[in-house]
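Before any comments, here is the structure.
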Amino acid sequence: MKVVYATDKVENICEDLRMAKKFFDGNTMLAKSLMARINALKRADTIKDIIVQPAFHFHKLKNKNGRDLEGYFAIDVKSRREQWRIILEPLDESEQPYNSCKIDEIAESVRIVEVAEVSKHYE
Numbered sequence: 039m040k041v042v043y044a045t046d047k048v049e050n051i052c053e054d055l056r057m058a059k060k061f062f063d064g065n066t067m068l069a070k071s072l073m074a075r076i077n078a079l080k081r082a083d084t085i086k087d088i089i090v091q092p093a094f095h096f097h098k099l100k101n102k103n104g105r106d107l108e109g110y111f112a113i114d115v116k117s118r119r120e121q122w123r124i125i126l127e128p129l130d131e132s133e134q135p136y137n138s139c140k141i142d143e144i145a146e147s148v149r150i151v152e153v154a155e156v157s158k159h160y161e
């Protein structure tokens, strides 16, 4: 799958171990786990390959504090015990968000995802 990034900052965190360690306040385990998750996304053929793996805990995001999260999903950086999530948006072949993002219907055709952010989304 092709992975694109919402911003240069997000790309640096996801692609550079040194930057990831700094982002996670020196936590090497979280930084390495983030790198492994990004690599798993890149190795997947479609988003369905990620959805079917329970360890990723792929889930739909709900609107929160006035923020419209329709069409966004998350996977765990390391595990459910950690608060950190990778926020993803499935993109079509033109690298545009799907108009109606019903993941069950499009999972087998999503070959591009945008990493919108890495965050403690639920805080």
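Residues in the sequence shown are numbered from 39 upward in steps of one, following this note's numbering.
We put the CB at the ideal spot given by N, CA and C, even for glycine.
Cβ neighbours of residue i in the same chain (closer than 6 angstroms, five flanking residues each side left out)
{"i": "Ile-141", "result": "none"}
Coarse secondary structure for residue i, derived from DSSP in three states
{"i": "Arg-119", "result": "coil"}
{"i": "Leu-107", "result": "coil"}
{"i": "Ala-93", "result": "helix"}
{"i": "Asp-114", "result": "strand"}
Cut-off 8 angstroms between Cβ atoms - residues of its own chain near residue i, not counting five sequence neighbours on either side
{"i": "Thr-84", "result": "Met-39, Ala-145, Glu-146, Ser-147, Val-148 and Arg-149"}
Distance between beta carbons of residue j and residue i, contact taken as under 8 angstroms
{"i": "His-95", "j": "Ile-113", "result": "6 angstroms"}
Buried/exposed call for residue i, threshold 16 Cβ in 10 Å
{"i": "Pro-128", "result": "buried"}
{"i": "Leu-55", "result": "exposed"}
{"i": "Arg-118", "result": "exposed"}
Delimiting residues of the beta strand (DSSP E) encompassing residue i
{"i": "Ile-89", "result": "Segment 86 to 89 is the alpha helix (DSSP H) holding Ile-89; no beta strand (DSSP E) there."}
{"i": "Glu-155", "result": "150 to 157"}
Span of the alpha helix (DSSP H), counted from its first residue to its last, around residue i
{"i": "Ser-71", "result": "66 to 81"}
{"i": "Glu-143", "result": "141 to 144"}
beta-carbon residue i near the ligand NAP non-hydrogen atom, thresh 7 angstroms
{"i": "Lys-59", "result": "Of ligands this structure carries none, so the ligand NAP is not represented either."}
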